[in-house]
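Worksheet: the structure to be examined is printed underneath.
2 protein chains.
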Amino acid sequence: MTGPCFISFFLLLNLLPFFQTLEASHCSIKGLPLVRNIADLPQDNYGRGGLSHITVAGSLLHGLKEVEVWLQTFAPGSRTPIHRHSCEEVFVVLKGSGTLYLASSSNKYPGKPEEHFIFSNSTFHIPVNDVHQVWNTNEHEDLQMLVIISRPPIKVYVIFLLSRFASTFSPLVDGCPFVFPLSS
Amino acid sequence: MTGPCFISFFLLLNLLPFFQTLEASHCSIKGLPLVRNIADLPQDNYGRGGLSHITVAGSLLHGLKEVEVWLQTFAPGSRTPIHRHSCEEVFVVLKGSGTLYLASSSNKYPGKPEEHFIFSNSTFHIPVNDVHQVWNTNEHEDLQMLVIISRPPIKVYVIFLLSRFASTFSPLVDGCPFVFPLSS
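Protein chains in written order, with my numbering: chain A, 1 to 184; chain B, 185 to 368.
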């Protein structure tokens, strides 16, 4: 427990299936090919409808220690949970559009979330520990993003609807708890 | 000097022009918009013909401390220098194809470089300190990649053609010194 408005928990997914691609010419780490076709990589939704998550380069799968890269695709209407994490995160939007909700965590409690329009070929980053949510608010097409994080494997603190926090984020959520795809 | 085969130097570019985009809705760090249109970001070639380098998210421009993201486009025939750096690096190939040359640095001197075919929608990462070069060996189209590094601003050690190293990489180079786009 870190405060009255947060219930935090830590999930570490470390049993993603082993995979190989035929295109690769060299095995570098753990028997995996150095050059990998992203289309051949395993994807999962971690129980979140409308989500496709691919670990492009990861800590547990590929031995990275300082950065991790994901490819995430959100069907219309789907979204991340409201969450925060103590690492840097950079997004590069490859397809579609949507909305970023971001609340500064410079105070004890997150401030009122601000809405930001995100679109194909845009980029943004989330300051360490700022509470945020990415939502495909475009009804007509998928939202696809490359997500880069530091300090893998990530610890995600998912925000529940309690006390003061509920009032600041209440327009954005329709239930809890959330389950979020974490590191791989 | 770190050894008979390396001459290293460190360039830090910190005077990239200040920029703004009209699409952005929020100013987060140093007066820059939080959501940025990548098409509006400044690009440079740092003196390398055929190169377009854009810092998508950077340490000096955007205040990131742990990761940095570049968008690099290489015209047919252009390439990075032969270099190494003590950080993690992940590539995501967005367009085109080419060749990665990679020599393990597990020994005192880099081993013989291996060739790896890289292609659109592929990914690979460079182990810390391994000597490498990415070359657009496709005569017909640009090679465009997202490049993610840890520990910005990056220190790049450029490899010159001296003694034993020349023999291992000699098919790959046509002159020196190289100048490489570094951190922003």
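The beta carbon of each residue, even a glycine, is placed where N, CA and C say it ideally should be.
Remember, predicted model here, so these are calculated numbers, not experimental data.
Since I believe residue j is in contact with residue i (beta carbons under 8 Å), could you give me their beta-carbon distance rounded to a whole number of angstroms?
| i | j | result |
| --- | --- | --- |
| Gly-233 of chain B | Phe-258 of chain B | Not confirmed; about 10 Å, so no contact. |
| Glu-186 of chain A | Leu-248 of chain B | Residue numbering for chain A in the displayed model covers 1 to 184; residue 186 of chain A lies beyond these limits and cannot be assessed. |
| Glu-139 of chain A | Pro-42 of chain A | Contact flag wrong, Cβ pair sits at about 29 Å. |
Mind checking if residue i is an interface residue toward chain B, Cβ cutoff 7 Å exclusive?
| i | result |
| --- | --- |
| Pro-113 of chain A | no |
| His-85 of chain A | no |
Are the beta-carbon atoms of residue i and residue j separated by less than 7 Å?
| i | j | result |
| --- | --- | --- |
| Val-240 of chain B | Leu-216 of chain B | no |
| Gly-98 of chain A | Glu-141 of chain A | no |
| Leu-100 of chain A | Val-147 of chain A | no |
| Val-93 of chain A | Ser-52 of chain A | no |
| Ile-118 of chain A | Val-219 of chain B | yes |
| Val-131 of chain A | Ala-103 of chain A | yes |
| Thr-123 of chain A | Ile-222 of chain B | yes |
For chain A, find out if any of its Cβ atoms is closer than 7 Å to the Cβ of residue i; answer yes or no.
| i | result |
| --- | --- |
| Leu-327 of chain B | no |
| Ser-334 of chain B | yes |
| Arg-263 of chain B | no |
| Val-274 of chain B | yes |
| Ile-266 of chain B | no |
| Ala-223 of chain B | yes |
| Val-219 of chain B | yes |
| Pro-365 of chain B | At Pro-365 of chain B, the pLDDT of 38 sits below 50, so the modelled position is not reliable; the number obtained from the coordinates is stated separately. Not an interface residue. |
Could you tell me which of the options sits nearest to residue i, measuring between CA atoms?
| i | options | result |
| --- | --- | --- |
| Ile-149 of chain A | A:Gly-96, A:Val-90, A:Tyr-46 | A:Val-90 |
| Ser-262 of chain B | B:Thr-321, B:Val-342, B:Tyr-341 | B:Thr-321 |
| Ile-154 of chain A | A:His-125, A:Thr-80, A:Gly-58 | A:Gly-58 |
| Ser-270 of chain B | A:Glu-66, A:Met-145, A:Glu-115 | A:Glu-66 |
| Val-340 of chain B | B:Glu-299, B:Arg-268, B:Thr-264, B:Asp-224 | B:Arg-268 |
| Arg-151 of chain A | A:Asp-44, A:Val-69, A:Asp-40 | A:Val-69 |
Counting only Cβ pairs nearer than 9 Å, list the residues of chain E close to residue i.
| i | result |
| --- | --- |
| Val-253 of chain B | Of the protein chains in this structure, namely A and B, none is chain E. |
Chain B contacts made by the region 118-145 of chain A, where a contact means CB separation under 8 Å: Ile-118, Phe-119, Asn-121, Ser-122, Thr-123, Phe-124, His-125, Pro-127
According to a CB-to-CB cut-off of less than 9 Å, which residues of the region 235-250 of chain B neighbour chain A? Val-240, Ala-241, His-246, Gly-247, Leu-248, Lys-249, Glu-250
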